[in-house]
Amino acid sequence: TQSLKEVLQDVVPAKQEQLKKLKAEHAQTVIGDVKVEQVVGGMRGLKAMLWEASVLDPNEGIRFHGMTIPECQKHLPAAPGGKEILPESMLWLLLTGQVPTESQVRQLSAELAAKGALPSYVEKLIDSLPNNLHPMTQLGMGVAALNKESVFAEAYEKGIKKSEYWHYTLEDCLNLIARLPALAARIYRNVYNPGAPIPEVSSDLDLVGNYARMLGFANEDLTEYLRLYIAIHGDHEGGNASAHTAHLVGSTLSDPYLSYSAALYALAGPLHGLANQEVLRWQLAMQKELGDNVTHDQIKDYLWKTLKSGQVVPGYGHGVLRNPDPRFMALQEFCDARPELLKSPIIQMVKKTYEVAPGVLKEHGKTKNPYPNVDATSGCVLYHYGLTQFKYYTVIFGVSRALGALTQLVWARALGLPIERPKSLSMDAIEKLIGAS
Ligand code: NMX
Ligand code: MLT
C-alpha cells in the first residue's frame, strides 16, 4: 500500500510542471478585471488566489478536485461498518487529487491515531484556562502553542532548501490534524463536563471515532454524523475568511500551527463559522417564544421580526453561492434517512424555516442569496444527539477546516508560492486612478 507521502511525492512534480507552464506561457494573460465595487466590497468575485483542492460554483456548490458531495459519498471509503465519508478519505482526496483505497485510508487513520496524543504542556495550558473563555478562543490558543513542536520552524532555523519546505510542512500538517480531536475534546470536557477522565487516543479508531469517544459520546449515529460533517466542511475553496487567513499567514513562512491558529480566529466570527452557533441560538429563541408546533406563518413573522430589528438571519446567504448549499442538502438527507431525527422538534423547525425563509429573504430584497448555507442545519442534529452546548459548535467546524486549509499550505510550499501582498488603495488614490474629480 502506497502511503500518503509516497503518493504526494509522485503527484507534486506534475503540479510543479503545470505551474511552470502556466507562468511561462500565460503570465500576462488576462482572466478578469477589477472593479471599484470589488475593492470597496470585500473583493467579492475577484479571481486572485491559487487554491488547488476545491472550486466553488455559485449554482452547484463545492467540488473537491472535481468531485461533488454525492460523488464523494459514493466513492470515498467510510469507516468499518459505517456509510459516511471518513475525513481521512477527504484529506487524502484534497491532498493528492486521488480517491484512496480502503487500505490506504485505514493506514492513514492508524498513522493519525499514533500521532494523536497532546503534549502535556498543551494539556496544562488548556486546563489552566477559565471555563467561560469561549471554546474557539481556547482552540486557537492550543493550536498556536503546538507550534513548539513545529518541524518546519526547526528545520527553517537550521537552514533548508526551498524545495524541501513541503516535506516539513506536510509533517506539521498531519501532526496538527492528528492532535486536533484530543485538543478539541479536552476543551469540551473542561468546559462542559469537568473532572471526568478523558480516554486516550485509541490506535483502533479513526479520527472521528476517537474524537466522539473523547468527547464522551458513545452513539454510533452521532459519530457517523460527525464524520460526514467534518468531511464536507473540510474545504470551500480558498477565498473564505478562514482558509484565506491560513494561506496569507502561511505565505510568510509562519509554520502551519500559527497559520491555522490565525485561521481559527477568522472562523470564530458570526458572519463565518460562528454562524452555526448563532443559528441554534436563534432557532431556540424562536422555539421558546412560539413553542414546538410552529406554523409556517409564525416562522414568517419571526423572520420579519429578525430582519426588521436590523439583524441577519443566521445560516442564510453566502458570499459566492446562489442556490441552497449542497452541504446543507447532504446534512438534511442524513436526517431524512432517520425517522427518529425527523421527529425532533428542533430538526422540524429548521426544515420549516427552510421552507419559508427564502421567500421572506427574497421579499426583503437585500441578500444576493436567499438560500440556506451549511450552518442553517449543521447544529440541530448535534443538539438532537445531546451535544447541546452550541458555543462549542464552531470548534467542530475548526477541526474540519484544517483538512483544506492545511492541504493548501502543503501545496503552497510544494509550488513555491510567494508571500501574499496585494495592492491597496485609498479613496483618493482610486479617484485619481479613474480620473474622477
Ligand atoms: N439576513 C439578512 N440580511 C442579509 C443576509 C441574511 N442572512 N445575508 C445578507 N444580507 C444582507 C447583507 O447584510 C447586506 O446588507 P447591507 O447592504 O445592508 O450591508 C446585503 O444583504 C447584501 O449582502 P450579500 O452580498 O448578499 O452577502 P455578503 O456576500 O456580503 O455576505 C454572508 C455573505 C454569509 C456574510 C451574509 O449572507 C450573512 O451575513 N449571512 C448570515 C450569517 C451566516 O449565515 N454566515 C455563514 C456563512 C457560511 N459559513 O459557514 O461561513
Ligand atoms: C465556508 O465554508 O467557508 C463558508 O461557506 C463561507 C465561504 O465559503 O465564504
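Numbering (UniProt numbering), first residue to last: 27 to 463.
All C-beta atoms in this analysis are idealised placements derived from N, C-alpha and C, irrespective of residue type, glycine included.
Query raised in the report: With burial defined as no fewer than 16 other Cβ atoms inside 10 Å of the residue's Cβ, what is the status of R447: buried or exposed?
Result: By the 10 Å Cβ count, R447 comes out exposed.
Query raised in the report: Leaving out five residues before and five after W330 in sequence, what residues of the same chain have Cβ atoms less than 7 Å from its Cβ?
Result: V386
Query raised in the report: Is there at least one non-hydrogen atom of the ligand MLT closer than 7 Å to the beta-carbon of S426?
Result: The answer is no for S426.
Report task. Between the Cα of I373 and those of L306, F416, G242, A431, spot the shortest distance and give me the residue it belongs to. Result -> L306
Requested in this report: Have a look at the DSSP bridge pairing and note the partners of L408.
Outcome: Answer is none; L408 lacks a bridge partner.
Query raised in the report: Can you list, in chain order, every residue whose CB sits closer than 5 Å to a heavy atom of the ligand MLT?
Result: H262, N266, G345
**Report entry** Nearest to V275 (by Cα), restricted to the options A53, A438, G68
**Finding:** A438
Requested in this report: Select from T321, V38, L76, D59 the residue whose C-alpha is nearest the C-alpha of L443.
Outcome: L76
Report task. Whole angstroms is fine: what's the gap from G264's alpha carbon to L117's? Result -> 16 Å
Query raised in the report: Between which two residues does the alpha helix (DSSP H) harbouring residue 464 extend?
Result: What is shown of the chain runs 27 to 463, which leaves residue 464 out entirely.
Query raised in the report: Taking C-alpha atoms, which residue in T332, Q64, Y291 lies nearest to A311?
Result: Nearest C-alpha to A311: T332.
Query raised in the report: Taking the alpha-carbon positions, what's the P113 to D230 distance?
Result: 16 Å
Query raised in the report: Considering only residues of the same chain and omitting the five flanking positions on each side of A440, which have a CB-CB separation below 6 Å?
Result: V38, W192
Query raised in the report: Do H248 and Y411 have their CB atoms nearer than 8 Å?
Result: Note on residue identity: the sequence assigns Leu, not His, to residue 248. Yes, Cβ-Cβ distance for L248 and Y411 is below 8 Å.
Query raised in the report: Which of helix, strand or coil does DSSP assign to I111?
Result: Three-state DSSP puts I111 in a strand.
Report task. Take the Cβ of A289 as the centre, count every other Cβ of all protein chains shown within 10 Å, and call the residue buried at 16 or more, exposed below. Result -> buried
Query raised in the report: DSSP state of D247, grouped into three classes?
Result: helix
Report task. Could I get the ranges of all uninterrupted alpha helix (DSSP H) runs contained in the segment 389–444, with 4 residues as the minimum, in chain order? Result -> 401–410, 419–440
Requested in this report: Could I get the ranges of all uninterrupted alpha helix (DSSP H) runs contained in the segment 74–118, with 4 residues as the minimum, in chain order?
Outcome: 95–101
Query raised in the report: Given 8 Å as the limit, is there contact between the segment 88–97 and the segment 118–134, that is, 3 or more CB pairs closer than that?
Result: The segment 88–97 vs the segment 118–134: in contact.
Query - Those residues which DSSP pairs with Y342 across a bridge - result: P398
Query - T278 beta carbon less than 8 Å from that of I445 - result: yes
Query raised in the report: R215 by DSSP, collapsed to three states: which one?
Result: helix
Query - Beta-carbon proximity list for V62, same chain, < 8 Å, skipping 5 on both sides - result: I456, I460
Report task. Compare the Cα-Cα distances from G58 to each of G71, K46, Q35, T321 and report the closest residue. Result -> G71
**Report entry** Beta-carbon proximity of L254 to I111, cut-off 8 Å
**Finding:** yes
Query raised in the report: According to the Cβ coordinates, are A272 and A431 closer than 8 Å?
Result: yes
Requested in this report: Determine contact between the segment 159–175 and the segment 282–299, defined as no fewer than three beta-carbon pairs at a distance below 8 Å.
Outcome: yes
Query - Contacting residues, own chain, Cβ-Cβ under 7 Å from V227 (five flanking each side not counted) - result: A139, G142, A143, A208, N236
Report task. Go ahead and label Q164 buried or exposed: buried means 16 or more other beta carbons lie within 10 angstroms of its beta carbon, across all protein chains shown. Result -> buried
**Report entry** Segment contact flag, the segment 363–370 with the segment 308–328, C-beta cutoff 8 Å, min 3 pairs
**Finding:** no
Query raised in the report: Can you give the Cα-Cα distance for A136 and E359, rounded to whole angstroms?
Result: 30 Å
Requested in this report: Would you mind giving the Cβ-Cβ distance between P384 and G341, rounded to the nearest angstrom? I have them listed as a contact below 8 Å.
Outcome: Rounded, the Cβ-Cβ distance is 12 Å, inconsistent with contact.
Report task. Report the residue ranges of all alpha helix (DSSP H) runs contained in full by the segment 272–360; include only those spanning at least 4 residues, in chain order. Result -> Fully enclosed alpha helix (DSSP H) runs of 4 or longer: 282–293, 301–316, 322–334.
Query raised in the report: Are P161 and K417 closer than 8 Å when you measure CB to CB?
Result: yes
**Report entry** Neighbour-count burial assignment, M453, 16 or more Cβ in a 10 Å radius
**Finding:** exposed
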